[in-house]
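Undergrad:
Residue numbers (our numbering): 1 to 654.
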């Protein structure tokens with residue numbers, strides 16, 4: 001019995017470590033629980049997730065399989081299993097899992113779309129492999145069983161990130177990262193010896209420090225620092241700057257472009273040193289991690305960061321930017337069509353058109369390939385990879401094109417932008433590939449048995465105005481369309497039908513464009529189908545407003561709550577005869593009288609906000625219910641308390 005209790009305690013400890021981002025410690029607890037057959041399906045899933053979230057995808061594969069075979073219900077388990085298979089180069093198995101996931105009911109739409117896209121990417125993997133650069137690769141002798149990555153060059157020294165500190169990082173069980181340097185050998189591929197700490201002034205013993213970037217004059221260093229364990233590791237990474245004054249590096253200071261709620265890392269300078277590129281998963285981006293740029297003036301002030309846009313950034317992660325001599329941008333991405341997780345890409349702008357090119361073999365592999373920099377010319381340089389055959393986790397590789405080759409690029413082929421170049425994905429037989437995009441859909445009644453709604457009016461509007469682009473009636477089967485839509489644009493679909501609540505449905509082309517490498521003919525038509533659910537207009541029908549949060553014991557409208565209330569403003573404007581009761585509910589953790597007052601104040605605050613946005617006061621009633629209508633009567637967890645703290649509106653008349 002004591003052994004069972006010990007295993008159950010190990011499982012609970014694993015859950016706590018997992019919640020804290022201490023994945024290596026979580027794995028040890030879960031594995032002890034697995035040996036005792038404690039929650040075998042969930043335990044396998046959590047081990048797999050722990051490996052994935054500490055960037056050990058291959059190790060996650062058998063645990064994902066065990067969890068899925070055991071009937072795990074987590075919506076993204078099969079997607080992550082498929083992705084892990086792809087990183088192991090098991091393309092056929094990965095494609096089958098992605099395809100099955102995409103056809104599954106009730107999966108998140110964004111993951112469903114990414115899964116379908118991955119099926120197409122895997123289908124062209126052989127085509128991606130056909131892009132082969134004539135360069136030789138060498139795993140540097142300085143690499144260890146730990147991590148060495150993010151190489152950069154200052155003078156004759158290679159500066160890079162390496163896991164050499166005394167403190168262990170609980171996320172992956174490795175020593176924490178620091179910045180180290182070593183002299184580049186006359187034969188750069190034979191660079192070896194014992195790297196030394198870059199600077200005692202750039203050293204924090206209890207934080208990860210990585211991804212160094214130097215200004216062109218070598219006097220300014222920007223790097224990433226974080227993962228101290230004081231905050232969730234996904235946001236506890238910021239950019240820091242240090243300047244070299246009289247040979248001494250100043251104490252690093254955080255940059256004003258950091259977002260306190262986001263991960264900010266992998267910086268790079270432009271060739272003139274006036275622009276800083278970096279990666280961030282801050283709100284408002286295109287995908288997971290996006291590449292941003294900010295300008296610096298002579299006094300060191302930074303402009304507001306600007307997202308590099310949807311040509312560069314994808315629904316996945318885009319990071320590790322590097323601007324080469326001549327201004328060409330190189331970066332790593334798992335969202336553009338690639339062989340594995342992070343692949344290396346180049347971006348070229350010609351006459352306003354940005355061409356993204358996968359660098360192909362031998363630069364890319366099924367694993368992570370990232371952090372490219374050139375050395376002395378555009379024929380040789382360094383990058384990092386955790387591919388099979390290396391010495392450890394991430395290794396730094398040296399690449400060099402044949403010296404006798406008279407070229408300014410490591411690419412084997414001619415100008416990649418030449419329309420007659422067979423490797424140019426934008427052209428076929430010398431003619432530019434064209435995709436025409438269309439939008440169509442179906443309108444159905446919301447309910448347990450959705451039924452099509454005929455004679456509804458669907459108006460297609462720009463995202464930023466009510467200027468109508470097109471109007472469609474729905475047929476008996478509820479279908480409407482097809483309307484041409486443009487890359488990079490966002491739209492609203494305003495749907496109206498007597499007896500139903502008018503509704504606006506957003507539709508964005510962000511991340512939906514088809515990369516030219518997928519196209520096999522000069523003209524391709526593709527249609528996106530959306531399903532819009534309408535609620536019947538009924539008296540006393542109540543709707544919960546999601547994500548309306550208030551600070552503890554306060555009732556002022558926070559910015560995030562304002563975003564959600566603006567949606568209700570639009571509903572009331574689109575349904576001008578509707579009057580509502582707006583109600584606020586609390587949890588049961590204070591006195592009944594206190595909660596009644598607090599909820600009434602919150603309801604009145606929300607109504608006042610709606611009124612300030614143009615909704616007539618006589619169309620709304622504010623009502624606080626305190627703790628008198630709990631959804632979870634005996635709430636114990638924070639999640640259950642949060643379900644009780646809610647804001648609702650009820651239709652009073654129409």
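Ideal Cβ positions, reconstructed from N, Cα and C, are used throughout, including at glycine. No experiment lies behind these values; they were computed from the predicted model shown.
Going straight from the alpha carbon of residue 26 to that of residue 64, what length do you get?
TA: Walking along the chain shown from the start, residue 26 turns up at place 26. Walking along the chain shown from the start, residue 64 turns up at place 64. Whole-angstrom Cα-Cα distance: 16 Å.
Undergrad: Assess contact between the stretch 332-339 and the stretch 120-138, defined as three or more Cβ pairs (one per stretch) separated by less than 8 Å. Is contact present?
TA: They touch, by the three-pair rule.
Undergrad: From the DSSP secondary-structure annotation, give me the bridge partner or partners of residue 242.
TA: By one-based count along the chain shown, residue 242 stands at place 242. According to DSSP, which records beta bridges pairwise, residue 242 is partnered with 221.
Undergrad: Where does residue 393 fall in DSSP's three states?
TA: Numbered from 1 along the chain shown, position 393 holds the residue referred to as residue 393. Residue 393 falls in the coil class under three-state DSSP.
Undergrad: From this set, 269, 208, 185, 190, which residue's C-alpha is nearest residue 217's C-alpha?
TA: Within the chain shown, the letter at position 217 stands for residue 217. That would be 269, whose Cα lies nearest to the Cα of residue 217.
Undergrad: Confirm, please, whether the CB-CB distance from residue 492 to residue 457 is below 9 Å.
TA: To locate residue 457, count along the chain shown from 1; it is residue 457. To locate residue 492, count along the chain shown from 1; it is residue 492. Not a contact, by the Cβ cut-off of 9 Å.
Undergrad: Which value, in whole angstroms, describes the spacing of the CA atoms of residue 349 and residue 396?
TA: Working through the chain shown from its first residue, we reach residue 349 at position 349. Working through the chain shown from its first residue, we reach residue 396 at position 396. Each residue's alpha carbon lies about 29 Å from the other.
Undergrad: Going by beta carbon distance, what residues of the same chain come within less than 6 Å of residue 660, once the five residues before and after it are set aside?
TA: The displayed coordinates of the chain run from 1 to 654. Any statement about residue 660 would go beyond what the structure contains.
Undergrad: Decide yes or no for the touch test of the stretch 549-559 against the stretch 507-524: beta carbon pairs closer than 8 Å, at least 3 of them.
TA: Counting Cβ pairs under 8 Å, fewer than three are found: no touch.
Undergrad: Within 10 Å of its beta-carbon, does residue 318 have 16 or more other beta-carbons around it, so buried, or fewer, so exposed?
TA: Walking along the chain shown from the start, residue 318 turns up at place 318. Burial call: buried.
Undergrad: In three-state terms, what does DSSP make of residue 233?
TA: Working through the chain shown from its first residue, we reach residue 233 at position 233. Any reading at residue 233 must be qualified, since the residue scores a pLDDT of 48, below 50, and its modelled position is unreliable; the value itself is stated next. Residue 233: coil per DSSP, three-state reduction.
Undergrad: Would residue 41 pass as a contact of residue 71 if the rule is Cβ separation under 9 Å?
TA: What you label residue 41 is simply residue 41 of the chain shown in a count that begins at 1. What you label residue 71 is simply residue 71 of the chain shown in a count that begins at 1. A contact, by the Cβ cut-off of 9 Å.
Undergrad: Who pairs with residue 460 in a beta bridge, going by DSSP?
TA: Indexing the chain shown from 1 puts residue 460 at position 460. In the DSSP output, where bridge partners are listed per residue, residue 460 has 470, 493.
Undergrad: Leaving out five residues on either side along the sequence, give the residues of the same chain with a beta carbon under 8 Å from the beta carbon of residue 623.
TA: By 1-based counting over the chain shown, the position of residue 623 is 623. Same-chain partners within the cutoff: 581, 582, 583, 584, 600, 603.
Undergrad: Might you give, ordered along the chain, the residues of its own chain that have their beta carbon closer than 6 Å to the beta carbon of residue 541, omitting 5 neighbours on each side?
TA: Along the chain shown, read from residue 1 onward, the residue named residue 541 stands at position 541. The residues are 651.
Undergrad: Find the nearest neighbour of residue 118 within the set 479, 29, 105, 85, judged by alpha-carbon distance.
TA: Along the chain shown, one-based indexing puts residue 118 at 118. Selected option, being the one with the closest Cα: 85.
Undergrad: Can you give the beta carbon distance from residue 630 to residue 588, rounded, assuming they're within the 8 Å contact cut?
TA: The residue labelled residue 630 in the question sits at position 630 within the chain shown. The residue labelled residue 588 in the question sits at position 588 within the chain shown. Correct: roughly 6 Å between the Cβ atoms.
Undergrad: Quick one: residues in its chain with C-beta nearer than 6 Å to the C-beta of residue 653, no 5 flanking neighbours on either side, listed in chain order?
TA: Taking the chain shown and counting its residues from 1, one reaches residue 653 at position 653. Taken in chain order, the residues that qualify are 579.
Undergrad: What are the residues that DSSP puts in a beta bridge with residue 253?
TA: Numbered from its first residue, the chain shown carries residue 253 at position 253. Paired residues: 241.
Undergrad: Could you give the first and the last residue of the continuous alpha helix (DSSP H) run that contains residue 571?
TA: Looking up residue 571 in the chain shown gives position 571. Segment 559-574, the alpha helix (DSSP H) holding residue 571.
Undergrad: Identify which residue in 436, 226, 565 has its Cα closest to the Cα of residue 527.
TA: As a working mapping, residue 527 is identified with position 527 in the chain shown. Nearest of 436, 226, 565 to residue 527, Cα basis: 436.
Undergrad: List the endpoints of the continuous alpha helix (DSSP H) containing residue 596.
TA: Within the chain shown, residue 596 is the residue found at index 596, counting from 1. Residues 592-612.
Undergrad: Give me the residue from 224, 259, 262, 574 with the minimum Cα distance to residue 252.
TA: Taking the first residue of the chain shown as 1, we reach residue 252 at position 252. Here the closest residue by C-alpha is 224.
Undergrad: Rounding to the nearest angstrom, what Cα-Cα distance links residue 263 and residue 237 in this structure?
TA: For the purposes of this step, residue 263 is taken as residue 263 along the chain shown, with counting starting at 1. For the purposes of this step, residue 237 is taken as residue 237 along the chain shown, with counting starting at 1. If I take the Cα positions, the gap works out to 5 Å.
Undergrad: If we count the other Cβ atoms within 10 Å of its Cβ and call it buried at 16 or more, is residue 21 buried or exposed?
TA: Working through the chain shown from its first residue, we reach residue 21 at position 21. That one is buried.
Undergrad: Are the CB atoms of residue 371 and residue 322 nearer to each other than 9 Å?
TA: As a first step, residue 371 must be located in the chain shown, where it is residue number 371. As a first step, residue 322 must be located in the chain shown, where it is residue number 322. For residue 371 and residue 322, yes; Cβs fall inside 9 Å.
Undergrad: Where residue 226 and residue 162 are concerned, what is the direct C-alpha to C-alpha distance, given to the nearest angstrom?
TA: Locating residue 226 in the chain shown gives position 226, where the first residue counts as 1. Locating residue 162 in the chain shown gives position 162, where the first residue counts as 1. One C-alpha to the other measures close to 14 Å.
Undergrad: With which residues is residue 435 paired in a DSSP beta bridge?
TA: Looking up residue 435 in the chain shown gives position 435. Answer by DSSP bridge pairing, in chain order: 524.
Undergrad: With residue 69 as the anchor, note down where its beta strand (DSSP E) starts and where it stops.
TA: By one-based count along the chain shown, residue 69 stands at place 69. First-last for residue 69: 57-69, but that is the alpha helix (DSSP H), not the beta strand (DSSP E).
Undergrad: I need the DSSP call for residue 87, collapsed to helix, strand or coil.
TA: Residue numbering aside, residue 87 sits at position 87 when the chain shown is read from its first letter. Looking at residue 87 - three-state DSSP - the assignment turns out to be helix.
Undergrad: Buried or exposed: where does residue 19 fall if 16 or more other Cβ atoms within 10 Å of its Cβ makes it buried?
TA: One-based indexing of the chain shown puts residue 19 at position 19. Result: exposed.
Undergrad: Assuming contact is defined by CB atoms lying nearer than 9 Å, are residue 171 and residue 394 in contact in what I supplied?
TA: Residue numbering aside, residue 171 sits at position 171 when the chain shown is read from its first letter. Residue numbering aside, residue 394 sits at position 394 when the chain shown is read from its first letter. No, these two residues do not count as a Cβ contact at 9 Å.
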